[in-house]
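In the numbering used here, the protein residues as written are 1 to 280. Heads up, the beta-carbon is just placed ideally off N, CA and C, and yes, glycines get one too.
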């Protein structure tokens, strides 16, 4: 069947299209770890092919959430093999390290799942405290797939909060972090998006400004301590404005999906999983 199912909190959370914004938030958060962002900068093709990398990452997450057990294990084994061959150099110390070090994998995992969950809740998804803890506990399976010992990974909201408290002294803005954040905020327009005139319009026109708004909301959704590291404000009013923007985006996406033909309202992976569960 797969790692999760229709009764899981994971399916309830990941049904939300607004999680695309949660994924962007997680990238800003992950970039604050000096070694994690160095590993990405020195091994990833995100600068030369950012949209391709984003698509591959989205496909992996979708497979873990909705794929069959065989599909999940195949995708995870590929990721583990890929990571096992990669190393990077810490720009602060010159030390060479493997990018599949547990400390780095743990940071990426926690930043991702916490971003998904917090974005969904702040957008208006109703979850009880038990469901919140249930989501983190369910996601320990995803952590194990990349090679982590589940017993070393935060599995409740309280454990995630304590983990962030412990990690903050190790985090900060490096050159890689600043360049990554700028790249996430002003990404290049894909070359296959039509003519030069169209690309210029996307670069300078309403679409670009709309994306600035999305990226700005993603940054505003960061914890106050993370926003301060980026030079932003930690004021509660920032949280309030981000929540209002996020809820507006969720309503817009819901209306947009409702107006589309039914076959386009669910992602193909989710639709296949619903078919297997007999829920279509």
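A distance below 8 angstroms between beta-carbons, with the five flanking residues on each side excluded, links residue 72 to the following residues of its chain, in chain order: 2, 3, 63, 64, 145. For residue 88, the three-state secondary structure derived from DSSP is strand. For the pair residue 116 and residue 19, the CB atoms are nearer than the 8 angstroms cut-off.
Residue environment for residue 135: buried (at least 16 other C-beta atoms within 10 angstroms of its C-beta).
Boundaries of the beta strand (DSSP E) harbouring residue 96: 96-98, taken from the DSSP string.
Leaving aside the five residues that flank residue 175 on each side, none in its chain has a CB nearer than 6 angstroms to its CB.
For the options 218, 255, 256, 257, the alpha carbon positioned closest to that of residue 238 is the one of 218. Taking each of 255, 259, 11, 266 in turn and checking the Cα distance to residue 131, the smallest one comes out for 11.
In this structure, the beta-carbon distance from residue 153 to residue 36 does not fall below 8 angstroms.
Residue burial annotation: residue 264 is exposed, with fewer than 16 other C-beta atoms found within 10 angstroms of its C-beta. Cβ-Cβ separation between residue 42 and residue 119: approximately 28 angstroms, too far for a contact (criterion under 8 angstroms). Here DSSP, grouped into helix, strand and coil, assigns residue 109 to helix. Assigned with DSSP and collapsed to three states, residue 186 falls in coil, not helix or strand. If you ignore the 5 residues before and after residue 28, its C-beta comes within less than 7 angstroms of the C-beta of 181, 184, 218, 219, 222, all in its own chain and listed in chain order. Cα atoms of residue 271 and residue 257: separation of roughly 15 angstroms, rounded to the nearest angstrom. Going by C-alpha positions, residue 98 is about 4 angstroms away from residue 87. In this structure, DSSP gives residue 15 a state outside helix and strand, which the three-state scheme calls coil. If you check the CB distance, residue 168 and residue 111 do not come in under 8 angstroms. By the 16-neighbour rule on beta-carbons within 10 angstroms, residue 260 is exposed.
Here residue 44 carries a coil assignment [DSSP, helix/strand/coil]. Rounded to whole angstroms, the separation of the alpha carbons of residue 227 and residue 240 is 14 angstroms. Using a Cβ distance threshold of 8 angstroms, residue 140 and residue 155 count as a contacting pair. By the Cβ-count criterion, residue 77 is exposed, with fewer than 16 other Cβ atoms from all chains shown falling within 10 Å of its own Cβ. Looking at the backbone, the Cα of residue 127 and that of residue 13 are separated by about 9 angstroms.
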